[in-house]
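Asker: The structure's right below; bear with me while I get my questions together.
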Amino acid sequence: MTRIAVYVSGSVAAFKAVSLVRILQKEGHEVRIGMTPASTRFVTPNTFYALTHQPVLIDLWQINQSPVPHIELADWTELALVVPASADLIAKMANGLADDAVSSSLLATRAPIMLAPAMNNQMWANPATQRNLNRLIADQKIILTPKTGLLAEGYVGKGRMMEPEDIANQVKNWLAKQKRLVGKVILVTAGGTHEAIDPVRFIGNRSSGKMGLAVVQAALEAGAKVIAVVGQVQVEFPKHPNLTVKKVTTTAEMLATTLDAFKKVDALVMAAAVADFRPAEVADQKIKKQADQDKLTISLIKNPDILATLGAKKDHQIIMGFAAETNDLLQNAQAKLAKKHADYIVANDVSQAGSGFGVATDQVTILQPNIEPKRWPLLSKREVGQRLINLLAKRWQQSK
Ligand code: C5P
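According to the working numbering, numbering within the sequence shown proceeds without interruption in unit steps and concludes at 400.
Put into structure tokens, the structure is as follows:
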């Protein structure tokens, strides 16, 4: 049972939202409704009130409901559906506008949002609408693309809303996917480690933490509990009831923290860029340059390899490591599989444009023992994270 908010906007397809509500309720979901003023010209709020036995959110200024009804609905919602999504509401959402109860509630909700657009074919094809849709896709909204079919105008064109049964199926598949990792605990390391030279300086690397964050987000979306061991990052980790974030600075701290958690987790995804060496001695005070000094030598000693250390202790855990290389990618990555006892190595040529440190995209190749490497196309890191979590989910599914 999921708490689903259906937001209805002004399109003739609004009547189909009534059947959708019925189907969702029959499948056991709890449904509440938000309507734009325009949509009430197509379907009366009484219909939805009678079906849901809940107040219908229409007006921001109605004083006999809760004091902030749009936020209350936003916070209650586990999945938001915009059915139908008019060109106007799509444009508002793409730009973060919030001038009525529905757009305000949609801006406020933290729930995932699916939209079923419905409009005239020329409105659909208009570059402004396409631009807005692309923006929503980039914002992680799910678009249920309209079909080509008979429009209210009496001719065939693209813009006919997906049928309620098909929308309900999309919801079902999506929900099934979300719950795939319920009961699993995943340990993810992210970012770079810093190794102190003196109280002011350190040796670090260019890791931004984006890949680790993408894995964390995908694991949370799939219902897993996540322990994130986070070094230096340029991204913010979300606050989520299933996420524990442990901040660390050095490789030694990262090793101690991951070791501590390792026994109770089902998988380790080692996305952190760990410093292989650290200064042999850390100066107590800031190292001063001396007169006539043209050279300073810092002697480095080897850091423990976290992945290899945990790999050697592996019991039921699935281990996924990363290999960032600038040359001989596959040979180097292949060697790491065995050396680090990993089940997967995600190999990444960081010398390639659009791949590697700091950027939002990645082109990776997946290596597994005794299986041909699989090259994935250039994808957003978020999508790479989702696909990596898919690999884990499939593996657990097969071993059931
Ligand atoms: O050996 P290399 O650094 O290329 O291996 C990369 C993989 O090993 C990554 O998953 C990284 O997080 C992990 N690693 C580690 N401890 C180290 C060095 C790398 O766990 N000291």
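Ideal Cβ placement from N, Cα and C applies to all residues, glycine included.
(1) With hydrogens ignored, establish whether the beta-carbon of T251 is closer than 7 angstroms to any heavy atom of the ligand FAD.
(2) Going by the DSSP bridge assignment, what does Q368 pair with across the sheet?
(3) Give me the Cβ distance between M270 and G321, rounded to the nearest whole Å; I'm assuming they're in contact under 8 angstroms.
(4) Please report the Cβ distance between L243 and L213, rounded to the nearest whole angstrom; I am assuming they are in contact, meaning their Cβ atoms lie under 8 angstroms.
(5) Quick one: does the C-beta of A280 sit closer than 7 angstroms to a heavy atom of the ligand C5P?
(6) Could you tell me whether the region 310-329 touches the region 341-350, using the rule of 3 or more Cβ pairs below 8 angstroms?
(7) Helix, strand or coil: which one does DSSP assign to Q397?
(8) By DSSP, does D343 sit in helix, in strand, or in coil?
(9) What's the C-alpha gap between G385 and G183?
(10) State yes or no: is the C-beta of F262 nearer than 7 angstroms to some heavy atom of the ligand C5P?
(11) Determine, using beta-carbon pairs with one atom in the region 43-55 and one in the region 77-85, whether at least three such pairs fall under 8 angstroms.
(12) How far does the beta strand (DSSP E) with F322 in it reach, from first residue to last?
(13) According to DSSP, which residues form a beta bridge with E30?
(14) Candidates Q234, H240 and K246: which alpha carbon is nearest A228's?
(15) Any contact of the region 363-374 with the region 287-295, i.e. 3+ C-beta pairs under 8 angstroms?
(16) Enumerate in chain order the residues of its own chain whose CB-to-CB distance from R216 is below 6 angstroms, with the five nearest sequence positions on each side excluded.
(17) Determine the contact status of T148 and K158, defining contact as a CB-CB distance below 8 angstroms.
(18) Within this structure, are the beta carbons of R201 and A393 separated by less than 8 angstroms?
(19) Would you report the Cα separation of P377 and A14, rounded to the nearest angstrom?
(20) Note the first and the last residue of the continuous beta strand (DSSP E) segment covering G157.
(21) Using the three-state DSSP reduction, which class does I143 fall into: helix, strand or coil?
(22) Report, in whole angstroms, the separation of the C-beta atoms of L107 and G96, which I expect to be a contact under 8 angstroms.
(23) Taking the alpha carbon of L60 as the point to measure from, which residue in S207, T145, M35 and D139 has its own alpha carbon closest?
(24) Just verifying my parser: in three-state terms, what is the DSSP assignment at G356?
(25) Tell me the residue span of the alpha helix (DSSP H) that contains M93.
(26) Compare the C-alpha of A273 against each of K210, D328 and I23 and name the closest.
(27) Would you call the CB atoms of A101 and I58 closer than 8 angstroms?
(28) Can you give me the start and stop residues for the alpha helix (DSSP H) that F262 sits inside?
(29) Compare the C-alpha of A222 against each of L391, L337, K263 and K339 and name the closest.
(30) How long is the line joining the alpha carbons of T44 and V185, rounded to whole angstroms?
(31) Suppose only complete runs of 3+ residues qualify. What are the beta strand (DSSP E) ranges in the region 190-269, listed by chain order?
(32) Measure the alpha-carbon distance for E165 versus N173 and round it to whole angstroms.
(33) What are the start and end residues of the alpha helix (DSSP H) that includes I167?
(34) Cβ of I186 within 7 angstroms of any heavy atom in the ligand C5P?
(35) Under 8 angstroms, do A85 and A118 count as touching if we go by C-beta distance?
(36) Relative to the ligand C5P, is the shortest distance from any of its heavy atoms to the C-beta of P304 smaller than 7 angstroms?
Answerer: Taking the structure as given:
(1) With respect to small molecules bound, the structure shown includes the ligand C5P and not the ligand FAD.
(2) Answer by DSSP bridge pairing, in chain order: I371.
(3) With 8 angstroms as the limit, M270 and G321 qualify as a contact, their Cβ atoms being about 5 angstroms apart.
(4) The Cβ separation is near 11 angstroms, so there is no contact.
(5) A280 has its CB no nearer than 7 angstroms to any heavy atom of the ligand C5P.
(6) Contact between the region 310-329 and the region 341-350 is present, because at least three Cβ pairs lie under 8 angstroms.
(7) Helix at Q397.
(8) Note: D343 maps to coil in three-state DSSP.
(9) Looking at the two C-alpha atoms, the distance is approximately 19 angstroms.
(10) In this structure, the C-beta of F262 stays at least 7 angstroms away from each heavy atom of the ligand C5P.
(11) Contact fails between the region 43-55 and the region 77-85, because fewer than three Cβ pairs, one in each stretch, are under 8 angstroms apart.
(12) Note, F322: beta strand (DSSP E), I318 to E325.
(13) E30 is bridged by DSSP to R3.
(14) Ranking Q234, H240 and K246 by Cα distance to A228 puts K246 first.
(15) Taking a cut-off of 8 angstroms for Cβ pairs, the region 363-374 and the region 287-295 do not touch, as fewer than three such pairs fall below it.
(16) Checking the sequence, you will find Val at residue 216 rather than Arg. Result list for V216: V188, V226 and A228, in chain order.
(17) Result yes, Cβ atoms of T148 and K158 sit closer than 8 angstroms.
(18) Going by C-beta atoms, R201 is not nearer than 8 angstroms to A393.
(19) One Cα belongs to P377, the other to A14, and the distance between them is close to 39 angstroms.
(20) Element bounds for G157: V156 to R160.
(21) In this structure, I143 counts as strand in the three-state DSSP scheme.
(22) Cβ atoms of L107 and G96 come within 8 angstroms of each other, at about 6 angstroms.
(23) Restricting attention to S207, T145, M35 and D139, the CA atom closest to the CA of L60 is found in M35.
(24) Residue state, collapsed to three classes: coil.
(25) That run of the alpha helix (DSSP H) goes A87 to N95.
(26) Nearest option by C-alpha distance: K210.
(27) Taking 8 angstroms as the Cβ cut-off, A101 and I58 qualify as a contacting pair.
(28) Its alpha helix (DSSP H) spans residues T251 to F262.
(29) Looking from the CA of A222, the closest CA among L391, L337, K263 and K339 belongs to L391.
(30) Taking the straight line from one Cα to the other gives about 46 angstroms.
(31) Counting whole runs of 3 or more residues, the region 190-269 contains the beta strand (DSSP E) stretches 225-230 and 243-247.
(32) If you draw a straight line from the Cα of E165 to the Cα of N173, it is about 12 angstroms long.
(33) The continuous alpha helix (DSSP H) containing I167 extends over residues P164 to Q178.
(34) Answer for I186: no, Cβ out of range of the ligand C5P.
(35) Contact flag set, yes.
(36) Answer for P304: yes, Cβ within range of the ligand C5P.
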